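If you count the sequence shown from 1, position 50 lands on 50 in the UniProt record's numbering, and the numbers rise without skipping. Think of the CB as a built atom: it goes at the ideal place given N, C-alpha and C, for glycine as much as any other residue. Quantities reported herein were computed from a predicted structural model and do not represent experimental measurements. First up is the structure itself, then whatever we jot down about it.
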Amino acid sequence: MSLATTGRSIARTLLDPTRPVRHRPRPLAVAWLPVAVVVFTFLVPGNFVVPGPLRSNGSPGRLFSLVCLGLAVLTVVAAARRRSDTGTPRWSVVGGALVLYLAAATWSYGVAHTSPLDAAESAGAQRSLVAVLGLSGVALYVWLLFRERRDVDRLLGWVVAAAAFSVVVALLTQAGVLPSWAALARSTGLVENTSTLRSLNRLEFTRARGTGQHPLEFSLAITAALPLALHYARFAATRAARARSTVAVVLLLVGVPLAVSRTAILGFAIAAVVAVSIWPAAQKFGAVIAAALAVTAFFVLAPDLIRSLGAIFTTAQDDNSVTGRLDDYTVVGRMFQENPLVGLGSGVYRPETGGVFLDNTWLGTIVGAGALGAAVLALLFLTAGGVAWDRSLLAPDPAARSLDRALLAVLGVVLMGSLTSDLMSFQQPTVVFMVVLGVLASRAGSSRPDHPSDPPLDLGEARAQR
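What follows is the structure in C-alpha cells.
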C-alpha cells in the first residue's frame with residue numbers, strides 16, 4: 001500500500017471513526033479518547049496546565065475533551081452523507097438535552113457580550129464556554145460513537161480505577177509516604193494556572209484531597225464512582241475483573257471519611273441506597289451487615305474520626321461553610337431580580353471579576369444564565385434520571401438493570417454535589433457526570449450485544465441464555 005493511500009485511509013478514519021471498511025468493521029477503538037480524558041482528569045489537578053497562552057483551557061483533560069468534541073462534530077457531518085453504519089438510532093432524548101445544554105451555554109456567552117466587559121470578565125466568559133464545550137464534547141462523543149457494551153464497560157471501568165487510585169494517593173499522602181500530589185504534578189513540566197490550596201483542616205483532621213484540587217472534589221468523585229464499582233463487583237465479565245472491582249469498592253469506602261466532609265457522607269448514602277435498591281433481598285441484607293461491620297471497624301480503628309464526622313452534622317449551624325452558603329442566597333436573590341431571564345452571562349460573575357465564590361451550581365447558573373439556564377440544567381438532570389430509571393425497570397437482564405441503576409445513583413450524587421459546590425470548578429466529578437450522560441444517550445450500554453469475543457457476565461446468565 002502506498003504512502004498516499006495509507007494517508008487517505010487514516011484521514012477517513014479520523015474524519016468518521018465509525019465508518020466500516022473491508023475486513024475491519026471497527027477501524028478505530030472509539031473508547032480510548034474518553035478514557036484519556038478520564039485518566040488525565042484524575043491524574044492532573046485542574047489548576048495544572050500546559051505552558052503557553054491557553055492558561056486554564058490548557059489542562060490535559062480539557063484538551064482531550066475538546067478533541068472529543070471535534071471528532072463528534074466530524075462524525076455528524078460525515079454520517080449526514082451516508083446511511084448509518086448500524087441499526088442503532090443515533091437520536092435520544094438525553095442527547096437532545098445535551099445539545100440544548102450546549103446551545104444554552106453558547107447563548108449565555110452571547111448574552112455576556114451584550115454589555116461592556118473588562119478583561120477579567122471577558123476571559124471568564126470565554127473560559128466558561130470552553131469548559132462547557134469540552135465537557136459536552138465527551139458526552140457527545142460517547143453518544144455518537146459508542147456502539148458496543150464493551151466500550152461502555154471499558155470507559156466506566158477506568159472511571160472506577162481512577163477514583164480508586166485517588167484514594168490510594170490520599171492514603172499514602174495522609175501516611176506521609178508521598179508528598180502532596182501537586183508537588184508531583186509540578187515535576188511533570190506542567191505549570192500552575194492558579195495557586196494550589198494549602199492543606200485544609202477540619203476538627204483537627206487534615207482533609208484528604210487525593211489527586212484533586214479540593215476535598216470536595218475528592219469526595220464527590222469517589223462517591224460518584226462507588227455505584228459503578230458496586231455494579232462491576234457483581235457483573236464484570238471475568239472473575240479477575242470482579243475481584244479488582246471489589247478491591248476498588250473497599251478503597252472507595254475507606255476514602256469516604258478521609259475528606260471529613262458532609263458532602264462525602266451524603267454522597268455515600270445516595271450512592272449506596274440507589275445502587276443497592278435493585279439488588280435481591282438477600283444481597284441487600286448482606287450489604288447492610290457489611291456496612292454495619294465497616295462502621296464498627298472504623299469506631300475501633302479511628303474513633304476520633306468517626307466522632308468528628310458526627311460533629312460536622314450536629315454543629316453545622318455554626319460552621320462557616322454552611323453559613324457562607326446560606327448568605328449566598330441573599331446575594332443571588334438581588335442579582336436575579338436585576339437579570340431574571342438570561343442572567344449576566346456565564347463566567348462573568350466570579351471572584352476574579354469582583355464577585356463572590358458561589359458554592360452552589362444552581363446559584364451560579366441563575367446568576368450567569370438566569371431562569372432559562374437553570375431550566376435547561378434541570379431538564380438535563382430530569383431527562384437523564386428518567387431514562388436511567390426507565391431502563392433499570394425495563395432492562396432484559398440483571399446486569400443491564402444493575403448498570404442503569406448505578407448510572408442513576410451517579411446522577412443522584414452529582415445532583416447533591418451541585419447543591420453544595422460549583423461543579424464547573426471541580427473537573428473530576430463533572431467529567432464522570434458527562435461520561436454518564438453520554439452512556440445514557442447511547443444505546444450501547446442498554447444491553448450486551450451478541451459478540452463472539454465477549455464472555456458471559458456470569459454462569460447464571462450463561463445458563464439462562466442457553
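- Taking the CA atoms as reference points, Leu-197 sits about 17 Å from Ser-166.
- As the crow flies, the alpha-carbon of Ala-371 is around 31 Å from that of Ile-222.
- Leu-98 is the residue among Leu-66, Leu-98, Asn-47, Phe-40 whose C-alpha sits nearest the C-alpha of Leu-382.
- Relative to Arg-391, the option among Ala-399, Ala-384, Leu-379, Asp-404 whose CA is nearest is Asp-404.
- If you look at Gln-428, you'll find it in the alpha helix (DSSP H) that goes 427-441.
- Annotated three-state conformation of Asn-339 is coil, per DSSP.
- The way I'd put it, the segment 273-289 doesn't touch the segment 167-187; fewer than three beta-carbon pairs between them come closer than 8 Å.
- The beta carbon of Val-76 sits closer than 7 Å to those of Leu-144, all from its chain and outside the five residues before and after it, given in chain order.
- DSSP places Ser-56 in no alpha helix (DSSP H); its state is neither H nor E.
- Following the DSSP letters along the chain, one finds Phe-146 in no alpha helix (DSSP H), marked with neither H nor E.
- Per DSSP, reduced to three states, the secondary structure at Glu-192 is strand.
- By the neighbour-count criterion, in which a residue is buried when 16 or more other Cβ atoms sit within 10 angstroms of its Cβ, Ser-421 is buried.
- Assignment of Thr-206 by DSSP, reduced to helix, strand and coil, places it in the strand class.
- Excluding residues up to 5 positions away in sequence, Val-367 lie with their Cβ nearer than 6 Å to the Cβ of Met-335 in the same chain.
- Judged by DSSP secondary structure, Pro-396 falls outside any alpha helix (DSSP H); it is assigned neither H nor E.
- Within the same chain, and ignoring the five residues on either side of Gln-428 in sequence, the residues whose Cβ sits closer than 7 Å to its Cβ are Thr-41, Phe-42, Gly-212, Glu-217, Ala-221.
- Contact between Ala-271 and Pro-227 holds: CB atoms are separated by about 5 Å, below the 8 Å threshold.
- For the pair Ala-162 and Leu-252, the CB atoms are not nearer than the 9 Å cut-off.
- Using a C-beta cut-off of 8 Å, the segment 124-132 makes no contact with the segment 185-203, since fewer than three inter-stretch Cβ pairs fall below that distance.
- Beyond the five residues adjoining it in sequence on each side, Gly-385 comes within less than 7 Å, by CB distance, of Leu-408, Leu-411 in the same chain, given in chain order.
- In the three-state reduction of the DSSP assignment, Phe-48 falls in the strand class.
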